[in-house]
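Inspection log for the structure reproduced underneath, given as C-alpha cells.
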Amino acid sequence: MDGEHDDEQQAALRRDAQAWLLLLTSGQATADDAEAFRRWCASSDAHARAFAEAHVMWERLEPAARAAASHASRRRRPMPRISRRAFLGSAVAASAGAFMLLRSPWSPLPGWSGATPDFQTGVGEQHRVELHGAAIEMNTQTAFNVLPGGSGIALIAGEALVTTLPARATRFVIAAGEGKVIAGAASACNVRCLDAGIQVTCLEGDTELACAGGLAVVKPSQQVDYDERGVGTALAVNTDVAMSWRHRVLIFDSQPLSEVVADINRYRRGRIIVTNSDLAMRKVHARFSLDQLGDVAELIRDAYGAHVTELPGGVVLLS
C-alpha cells in the first residue's frame with residue numbers, strides 16, 4: 040500500500056509540475072504566480088525534481104507544447120490579472136486534458152504546517168538563542184519549539200547547533216524526526232533535518248541518539264544519520280567543513296553538484312535545479328560566501344560549461 044501511495048504522490052507532483060510549466064511558458068504569469076511557483080518548487084527536493092523532469096520533456100516536445108500554451112492563452116478572456124488557479128484551469132482544459140493540477144502544497148518551513156513555532160529563522164537568516172543552560176545557533180530556515188520544563192527543544196525544520204553549559208544539571212534533549220538527540224553537560228552537537236531523516240554531528244562532549252528502541256553514542260568529529268528505521272553508521276567528519284555555515288560560508292570537498300545545489304538552495308530564495316544527470320554528478324571543490332549566492336549559477340556555468348535558464352520566482356535551471 041505504501042508503494043501505491045508513493046506512486047500516486049509522484050504522479051500528482053508530475054501533473055503539478057507540468058501545469059506550472061504551461062503557466063510559466065505562456066507569457067501570462069504574474070508576479071504573484073512567480074512567488075507561488077517559487078514556494079511550490081522549494082517545498083521539497085521531490086517538487087524540484089518533478090519540475091526538472093517536466094522541463095526536460097518540454098525541451099523535447101517544445102514545438103507542440105508551445106502551440107498548446109499559445110492556444111490556451113488565446114482562449115482565455117483578456118484581463119489585467121488572473122489567479123494561478125484560474126489560469127491553470129483554462130490551460131489544462133485547453134490542452135485537451137493532458138495535465139491536471141491536483142494541489143500545490145507549500146509551507147514557509149518545509150515539513151511544517153502547524154502553529155507558529157516558538158523560534159524560527161527565514162531564508163538566509165541565522166540567529167542565536169540562550170535557553171535553559173544551552174546556547175542554540177539556528178541556521179537558515181530553522182524552526183523549533185521549547186519542550187516542557189526546559190528539558191530541551193523539538194526541532195521542526197532546518198539546522199541547529201546546541202552547546203550546553205558546564206553548569207547545566209541535566210542533559211539537554213533535541214527531539215527531531217523519529218528520535219531524540221541527548222546532549223550532556225559541556226557538549227556541542229549539530230542537528231540537521233534532511234529530506235530522508237536527521238543528521239547529527241558531534242563537535243565535543245557526550246552525545247547520544249535514541250531512535251527505534253535503540254541507543255547510540257556519537258563521539259566528537261563523528262557524524263550519524265538516523266530515521267524511523269534506526270541509526271546509521273558513525274562516520275568521521277571534518278567539523279570545520281560541516282560547520283562552515285557558522286562563518287557564513289559553505290565549503291564543498293568533492294561532493295556531487297546535485298548535493299551542492301541542494302545545500303545552496305537552503306540559503307537563497309527561489310531554487311536552482313540541475314536538469315542534466317551528467318552535470319549533477321560532477322564533483323565540486325568550492326567555497327561560497329552566503330552573501331554572494333546570487334551569482335552562484337553563473338559561477339557554475341563558468342566552471343562547468345552549464346547552460347543557465349532563468350525562470351520567474353528566482354528559479355534557475357542548469358543543463
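If you count the sequence shown from 1, you need to add 39 to reach the numbering used here. Ideal placement from N, C-alpha and C gives every residue a C-beta, glycine not left out.
> How big is the Cα-Cα spacing for A85 and A93?
Replying inline: For the purposes of this step, residue 85 is taken as the residue at position 46 of the sequence shown. For the purposes of this step, residue 93 is taken as the residue at position 54 of the sequence shown. Approximately 12 Å between the Cα atoms of the pair.
> Between the segment 192-201 and the segment 313-325, do three or more beta carbon pairs fall short of 8 Å?
Replying inline: Fewer than three pairs of CB atoms, one per stretch, sit closer than 8 Å, so the segment 192-201 makes no contact with the segment 313-325.
> For G442, does the three-state DSSP call read helix, strand or coil?
Replying inline: It is not possible to answer for residue 442, since the shown part of the chain is limited to 40 through 358.
> Skipping 5 residues on each side, what residues in its chain have a beta carbon closer than 6 Å to that of H166?
Replying inline: Looking up residue 166 in the sequence shown gives position 127. Take H166, set aside five residues on each side of it, and the residues of its chain with a beta-carbon closer than 6 Å to its own are T160 and M177, in chain order.
>> Can you tell me whether G197 is helix, strand or coil according to DSSP?
In response: Along the sequence shown, one-based indexing puts residue 197 at 158. The three-state reading of DSSP puts G197 in coil, since its state is none of H, G, I, E or B.
> CA-CA distance, G163 and G216?
Replying inline: Working through the sequence shown from its first residue, we reach residue 163 at position 124. Working through the sequence shown from its first residue, we reach residue 216 at position 177. One C-alpha to the other measures close to 23 Å.
> I think I312 touches F90, with their Cβ atoms under 8 Å apart; what is that distance to the nearest whole Å?
Replying inline: In the sequence shown, the residue the question calls residue 312 occupies position 273. In the sequence shown, the residue the question calls residue 90 occupies position 51. Confirmed, about 6 Å.
> Near G244, which residues of its chain fall below 6 Å by C-beta distance, leaving aside the five closest residues on each side in sequence?
Replying inline: Mapped onto the sequence shown, residue 244 falls at position 205. Contacts found: G223, A225 and S226.
>> Among D234, G344, T155 and T202, whose alpha-carbon lies nearest the alpha-carbon of S82?
In response: Translated into positions along the sequence shown, residue 82 becomes position 43. If you compare the alpha carbons of D234, G344, T155 and T202 with that of S82, the shortest gap goes to D234.
>> Just verifying my parser: in three-state terms, what is the DSSP assignment at N277?
In response: For the purposes of this step, residue 277 is taken as residue 238 along the sequence shown, with counting starting at 1. In the three-state DSSP reduction, N277 falls in the coil class, being neither helix nor strand.
> So what does DSSP say about G218, is it helix, strand or coil?
Replying inline: Start at 1 with the first residue of the sequence shown, and residue 218 comes out as number 179. It is a strand residue.
> If you draw a straight line from the alpha carbon of A135 to that of L61, how long is it in whole angstroms?
Replying inline: As a working note, residue 135 is residue 96 in the sequence shown. As a working note, residue 61 is residue 22 in the sequence shown. Only weak support is given to the placement of A135: the predicted model assigns it a pLDDT of 26, under 50, and the value that follows is read from those uncertain coordinates. Looking at the backbone, the Cα of A135 and that of L61 are separated by about 13 Å.
> Taking A214 as the reference, which of A58, V280 and A249 has the closest Cα?
Replying inline: For this step, residue 214 is matched to residue 175 along the sequence shown. When each option's Cα is compared against that of A214, the closest is A249.
>> Taking the alpha-carbon of G218 as reference, which of A193, I290 and T202 has the nearest alpha-carbon?
In response: By one-based count along the sequence shown, residue 218 stands at place 179. Among A193, I290 and T202, the Cα nearest to that of G218 belongs to A193.
>> Just to confirm my understanding: we take F211, look at its own chain, exclude 5 residues before and 5 after, and list those with CB closer than 6 Å. What are they?
In response: Stepping through the sequence shown from its first residue, residue 211 is reached at position 172. Around F211: A173, G191, T203 and A222.
> Can you give the Cα-Cα distance for E267 and C241, rounded to whole angstroms?
Replying inline: Translated into positions along the sequence shown, residue 267 becomes position 228. Translated into positions along the sequence shown, residue 241 becomes position 202. Taking the straight line from one Cα to the other gives about 20 Å.
>> On the DSSP letters alone, give me the boundaries of the beta strand (DSSP E) that A249 sits inside.
In response: As a first step, residue 249 must be located in the sequence shown, where it is residue number 210. Segment T246 to C250, the beta strand (DSSP E) holding A249.
> Any idea if T246 is buried or exposed, counting beta-carbon neighbours within 10 angstroms, 16 or more meaning buried?
Replying inline: Start at 1 with the first residue of the sequence shown, and residue 246 comes out as number 207. Buried.
>> Looking only at its chain, what residues have a beta carbon closer than 7 Å to the beta carbon of A336, apart from the 5 residues adjacent to it on each side?
In response: Along the sequence shown, read from residue 1 onward, the residue named residue 336 stands at position 297. Contacts found: I311, V347, V355 and L357.
> On the premise that V256 lies in contact with V239, defined as a C-beta separation below 8 Å, what is that separation, rounded to the nearest angstrom?
Replying inline: As a working mapping, residue 239 is identified with position 200 in the sequence shown. As a working mapping, residue 256 is identified with position 217 in the sequence shown. About 11 Å; that fails the 8 Å criterion.
> Under a three-way DSSP split, which group does Q261 fall into?
Replying inline: Here residue 261 is taken as the residue at index 222 of the sequence shown, counted from 1. Three-state DSSP puts Q261 in a strand.
> Out of curiosity, what's the CA-to-CA distance linking R142 and N315?
Replying inline: Sequence index remark: in the sequence shown, residue 142 carries index 103 (1-based). Sequence index remark: in the sequence shown, residue 315 carries index 276 (1-based). Legend: pLDDT at R142 = 26, less than 50; position of this residue unreliable, value from coordinates given subsequently. When only Cα atoms are considered, R142 and N315 end up about 27 Å apart.
>> Mapping the DSSP letters down to three states, classify H171 as helix, strand or coil.
In response: In the sequence shown, counting from the first residue as 1, residue 171 sits at position 132. Coil, per DSSP.
> So what does DSSP say about N184, is it helix, strand or coil?
Replying inline: Position 145 of the sequence shown holds residue 184. Residue state, collapsed to three classes: strand.
> Counting along the chain, where does the beta strand (DSSP E) carrying L350 start and finish?
Replying inline: By 1-based counting over the sequence shown, the position of residue 350 is 311. Here the beta strand (DSSP E) through L350 covers V347 to L350.
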